[in-house]
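Worksheet for the structure shown next.
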Amino acid sequence: PLCNLSRNLKLLPTKNIGYDKETGKFFLYCDNKDCSGCANEILKGKEGDDRGIEPIRERLDKDENILRSAFSLHGIPKILLRNHIPAAEVSKYYDSYELTPEFNFTIGKDGRIQTTEKPWTVKDDNGTESHSLMAAPVVVAFIKQLADILED
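Numbering-wise (the working numbering), the sequence shown opens with residue 50 and increments by one.
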């Protein structure tokens, strides 16, 4: 839109959802009150989103190599953070509000768009079905580990 608002239909929708009967696809309208396109302008996906992870695969591989190097350093305290947890174990450690929601849309019998929400499920590097965590529980884990390191 005019304001360059960036949202995601599945993970971060706006409050204004539309449906294209010709394509059978849902779309988002801008909901930035400061934008002249608010409620009228249809949001477009980010450039490259349609190509998936492959365009950044090289960068991800480099990041993994850097992390492996960091783990080999001794004498330096490390803070380990998880941004996901196996779906089979998630209820032992987290409440549902701590999980990243995935939004899905359907057309109800009355013709209105219905929104449903469930935990976003992804496969981790080992192929295990996992739920992504919201930022808050990850930050809490960071603060707890940092406090432990600083006490030593």
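Yeah, the Cβ is synthetic: ideal placement off N, Cα and C, and Gly gets one too.
Computed from a predicted model, the values in this text were never measured in an experiment.
Exercise for the section: Give every residue of the same chain whose Cβ lies closer than 8 Å to the Cβ of C84, excluding the five residues on either side of it in the sequence, and list them in chain order. Expected result: P50, L51, C52, L54 and E90
Exercise for the section: Starting from the Cα of Q194, find the closest Cα among N132, K127 and K111 and give me that residue. Expected result: K127
Practice task
Give the DSSP-derived three-state secondary structure of N57 in the structure shown.
Solution key: strand
Exercise for the section: Would you kindly report the start and end of the unbroken beta strand (DSSP E) that includes S140? Expected result: Premise fails: S140 lies in the alpha helix (DSSP H), V139 to Y142, not in any beta strand (DSSP E).
Practice task
Throw me the rounded Cβ distance for the L130 and V187 pair, which I believe falls under 8 Å.
Solution key: 5 Å
Exercise for the section: Please classify K85: does DSSP put it in a helix, a strand, or coil? Expected result: The sequence given here has Ser at residue 85, not Lys. Coil.
Exercise for the section: Sort R100, L182, N81 and D80 by Cα distance to L148 and report the nearest one. Expected result: L182
Exercise for the section: Could you please give the first and the last residue of the uninterrupted beta strand (DSSP E) stretch that includes I162? Expected result: I162 to P168
Exercise for the section: Output yes or no for whether 8 Å exceeds the beta carbon distance between E151 and L60. Expected result: yes
Problem - Reduced DSSP category for E96 - H, G, I as helix; E, B as strand; rest coil - result: coil
Practice task
Going by DSSP, name the residue or residues bridged to F120.
Solution key: F120 is not bridged to any residue.
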